[in-house]
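In my numbering, each residue carries its 1-based index in the sequence shown increased by 236.
Beta carbons: idealized from backbone N, C-alpha and C, even for Gly.
What you are looking at is a predicted structure, and each value in this text was computed from that prediction instead of being measured.
These notes concern the structure reproduced below.
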Amino acid sequence: MEKFNFTRMTRRSFIKATGLAGAALGTIAATGLQLVDSKRVHAANLTDASFTPQTPLEDSTTIEQFAQPLPLLSVAGGPIQTIVAGASQIGISMEEFRARMLPDSFAPASGGNYDGTWVWGYLSAGTDKGPTRETYTGPVLVATRGKPTEFKFTNNLGTTDSTQIQAYTYSIDQSLHWANPNGVPRYVEYDTPDPKFIGNPAHYSGPIPAAVHLHGAEDPAAIDGGPESWFVSDGSKVGKAFYSKDGNSAKNYCIYRYPNVQEAAPLWFHDHTLGATRLNVYCGLAGAYALIDPNLSLPPGLNATGLRGGALGPNPSDDTLVPLVIQDRKFDTDGQLYFTGGPDDPDNPSPTPDHLYWSPEFFGNTIAVNGKVWPYLEVKAQRYRFFLINGSNARTYRLTFQDTAATVNSAHPVIWQIGTDQGYLDKPVRLTELMVMPGERAEFIIDFAGLSDGTKLVLNNLGPDSPFGGDLNDQAVPSTTGRVMQFVVVSGASLVDTSFDPSVAGASIRSKKDAIVRLVDPAAGTLAKGVVADLTRSLVLVEIAKYEPDGVNLDGKFFAGGPAEVLVNNSKWMGLRPSDSDPNEMMRPPLIPVNGGVADGVGNWLTELPKEGDTEIWEIVNTTMDAHPIHTHLAQFQLMNRQSFYLGDGAPDGYQAVYNGSFPGSEFIPAYGPPLSYGPSTASGNKYGGNPDVSPFLDGDVLPPKPNEAGWKDTVLALPGYVTRFVVRWAATDLGIKNNSNAASLRYDFIPNDAIPGRSGAIYDYVWHCHIVDHEDNEMMRPDAVVPDPRTPLAARKFKMGIDY
237 MEKFNFTRMT RRSFIKATGL AGAALGTIAA TGLQLVDSKR VHAANLTDAS
287 FTPQTPLEDS TTIEQFAQPL PLLSVAGGPI QTIVAGASQI GISMEEFRAR
337 MLPDSFAPAS GGNYDGTWVW GYLSAGTDKG PTRETYTGPV LVATRGKPTE
387 FKFTNNLGTT DSTQIQAYTY SIDQSLHWAN PNGVPRYVEY DTPDPKFIGN
437 PAHYSGPIPA AVHLHGAEDP AAIDGGPESW FVSDGSKVGK AFYSKDGNSA
487 KNYCIYRYPN VQEAAPLWFH DHTLGATRLN VYCGLAGAYA LIDPNLSLPP
537 GLNATGLRGG ALGPNPSDDT LVPLVIQDRK FDTDGQLYFT GGPDDPDNPS
587 PTPDHLYWSP EFFGNTIAVN GKVWPYLEVK AQRYRFFLIN GSNARTYRLT
637 FQDTAATVNS AHPVIWQIGT DQGYLDKPVR LTELMVMPGE RAEFIIDFAG
687 LSDGTKLVLN NLGPDSPFGG DLNDQAVPST TGRVMQFVVV SGASLVDTSF
737 DPSVAGASIR SKKDAIVRLV DPAAGTLAKG VVADLTRSLV LVEIAKYEPD
787 GVNLDGKFFA GGPAEVLVNN SKWMGLRPSD SDPNEMMRPP LIPVNGGVAD
837 GVGNWLTELP KEGDTEIWEI VNTTMDAHPI HTHLAQFQLM NRQSFYLGDG
887 APDGYQAVYN GSFPGSEFIP AYGPPLSYGP STASGNKYGG NPDVSPFLDG
937 DVLPPKPNEA GWKDTVLALP GYVTRFVVRW AATDLGIKNN SNAASLRYDF
987 IPNDAIPGRS GAIYDYVWHC HIVDHEDNEM MRPDAVVPDP RTPLAARKFK
1037 MGIDY
């Protein structure tokens, strides 16, 4: 029968397959778990007959658009729970309930009236779930800098037997490196000689695991809520990095006390369960976390929680910031969530038998904002402030009031961006289009002044219905995913608009004393004056594909081939690689650490080990076909520049040829890790990372960041065929530039990577990864740790594990 060939995915991979021939491209299971089940299976067992297949709603134009009002904050009279943090513990429960995502006019194929879509969501403890809630989005938590906030997050999601969401139960893929509470093998032997192994086709059965991550937070690793901090709904099992302030014994909750020490920023919290983030977030586990700083000197008319008086002003419905959590979704014909993937999916079937229920990226055919599909917002002819989160799995949005990329209508309002992922810009930036990748946030102001009663404006999306690769002509379907929401002007402003006007010449947001500490010169695309990098890391993104021109048939199940996984620095999550180049070896021991790997005591091998207080340049060398939103936990960074390079796609004078030739045997080895020694060398251009230097292959101009990127960020667009450089300083953002006199003070208020209680030599990790959650669920994520400054005694840390968090 046919068999797949290996290749590192490049632009030519779908034209001609090249690379290593072999059987299944495997992945690595957790230490101590059985990797391969000796039981042979037949293709008839690839799908579970106990599941009644959902019928996807292919024609989303049948859903009425702009028929539901946009859910607003409860302080503004809306249904999104708004919680202002104080001294008391805040209880948040993960629950399953029905939410009215679709309009009342939707007609389920099975008959009757639409009475809501089953979802998951974070709810304030004790909330009545009712028969149907208006939205699953939220809550929006408002915390104050300098005032720690304690949360108790409880997992009440039930089990795979109790949940009504088949998008979850059908799509869990146990061949991925995931939480795996039952410890099942990831691969099984197939009943024909080739392929010898396939992904475990069994669906997970048991209590649902969840983890809570505060995205963008400057907090200790123990409470970062990383992939291995999960805990199941019945409290019987927890991940190996689980932590709770009241002890690490297994339970169905965790208690986190966030220090809230960083600068004001639009953060958000979402699920981060290892190998299941894409599903848990898709089902609804996402909320916003507005960290405000009352001591920040903002201009008149701009409030920490909105415009004018904000949430505490006389007109909260007008003044309070408006959250916009944008997510694409797909439904079945009865209005329930549908998740693409699986061998029998009509639109997006599994590309390879390695992962039977994982697909490289999810793209829905509807756009939901704050939990409503294609909502509308009534506005007065005045200014409004918005807090946008791209909560989609993989979709990149290009938001604009223009009808097409080439047409600018002066009657359409513009977007004035005032903040990035990690806080305020120094000055507002005028945009006719705002691009946001998954995980990115933006704060902006829109002025509807001058528009008459009854004016209707559609916020359009010019981004693609596929992974963004930089082609601006690749756009969404204009009548469906090319639309986000509608704004309806209902009256003129009742009073003179006294809010902050970003269009005034010379308008600024931050005062001189509160200005961004510049690590880079954003105009020049270089390090800022006086900034010296302690080191540079050059890290390569690769996509591993399995491809044959005619695909592969496994007794009637067809697999067309395609991406099997995407890797950062050609390294899997655990930092282990096969002991030889036999692909089958990747599914079973012995395994050895990748070059430069250092054990974290819980089975992972770390390569990124920055020193507290150091300033580093990270070069992300993207050899894949797609753009990736690269996200770092704990540390914020500033984008320095982007620059194209000559990949070569197999040509002998390109970077690809040099990269491939640096591996043992002069051929690319999937998941081997970097080909060279991780430390600096002549071949690496004296950079860390273990990769041949990309500098000789740079062929484009240095492109400085766009003005709306010139602030502190935690998620950045890394374009294909480009080197994306950002500067990360492993200390608080508002501390001064490192020099000989202040180096010892550049530290965090806590030990970054605490020791795990009861485990000798084990530490809590952070992670860095691609924020396309389908990618991070399948190995495009690596743990890292910050080496604490030995000059800082424990007594100097304001927050200590077990006491303060």
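Item                                                                                                                     : Value
Contained alpha helix (DSSP H) runs [length at least 4] in the segment 529-580, N- to C-terminal order                   : 552-555
Straight-line gap, G839 to P305 (C-alpha atoms, nearest Å)                                                               : 49 Å
Supposed close pair L870, V672 - CB separation, criterion 8 Å                                                            : At roughly 22 Å, the Cβ-Cβ gap does not stay under 8 Å, so L870 and V672 are not in contact.
Coarse secondary structure for D750, derived from DSSP in three states                                                   : helix
Residue burial classification, D786 (beta-carbon count within 10 angstroms, cutoff 16)                                   : exposed
Residue range of the beta strand (DSSP E) that includes Y891                                                             : No beta strand (DSSP E) holds Y891; the alpha helix (DSSP H) holding it covers Y891 to G897.
Other residues of its chain near G837: CB distance less than 8 Å, five sequence neighbours each side excluded            : I992, R995, S996, G997, A998 and I999
Buried versus exposed call for R666 [16 or more other C-beta atoms within 10 Å across all chains shown]                  : exposed
Test: F899 CB closer than 8 Å to a CB of chain D                                                                         : This model lacks chain D altogether, as it is built from one protein chain only.
Alpha carbon of V378 to alpha carbon of G542, nearest angstrom                                                           : 12 Å
Beta-carbon spacing of R544, D555 below 8 Å                                                                              : yes
Cut-off 8 Å between Cβ atoms - residues of its own chain near F575, not counting five sequence neighbours on either side : A403, Y404, Y406, S407, L515, Y518, K566 and F598
Under 8 Å between C-beta atoms of G659 and G890                                                                          : no
Straight-line gap, W504 to G1038 (C-alpha atoms, nearest Å)                                                              : 24 Å
Endpoints, beta strand (DSSP E) assigned at T385                                                                         : T385 to N391
Whole-angstrom distance between K923 and S917, CA atom to CA atom                                                        : 7 Å
Own chain partners of D850 with C-beta closer than 6 Å, once the 5 adjacent residues on each side are dropped            : D770 and W966
Cβ-based burial, A335 [other Cβ within 10 Å; buried from 16]                                                             : buried
Distance, I905 Cα to I853 Cα                                                                                             : 27 Å
Nearest to R746 (by Cα), restricted to the options P375, Q301 and N539                                                   : N539
Whole-number beta carbon distance between V468 and P417, since they are thought to touch under 8 Å                       : 6 Å
Nonlocal neighbours in the same chain, by C-beta distance under 6 Å from P703, ignoring five residues either side        : E597 and D862
Any 3 or more C-beta pairs closer than 8 Å across the segment 714-734 and the segment 604-621                            : yes
Buried or exposed by the 16-neighbour rule on C-beta atoms within 10 Å, applied to P552                                  : buried
Range of the contiguous alpha helix (DSSP H) that encloses R514                                                          : T513 to C519
Local conformation of F933 per DSSP, three classes                                                                       : helix
At least 3 beta-carbon pairs within less than 8 Å: the segment 430-444 vs the segment 454-466                            : no
CB-CB length for V959 against V930, believed under 8 Å                                                                   : 6 Å
With 16 other Cβ atoms within 10 Å as the buried cut-off, status of F333                                                 : buried
For Q879, the first and last residue of its enclosing alpha helix (DSSP H)                                               : Element bounds for Q879: not the alpha helix (DSSP H) but the beta strand (DSSP E), F873 to S880.
Nearest-angstrom Cα separation, counted from A522 out to E945                                                            : 24 Å
Pairwise C-alpha distance: K692 and T588                                                                                 : 46 Å
Sequence-distant residues of its chain with Cβ nearer than 8 Å to F287 (five each side left out)                         : Q402, T405, Y406 and H439
8 Å contact criterion, which L670 and F684 should meet: CB distance rounded                                              : L670 to F684, Cβ: 17 Å. No contact.
The segment 373-387 / the segment 528-536 touching (three or more Cβ pairs under 8 Å)                                    : yes
Separation of E1015 from K942, as counted between CA atoms                                                               : 30 Å
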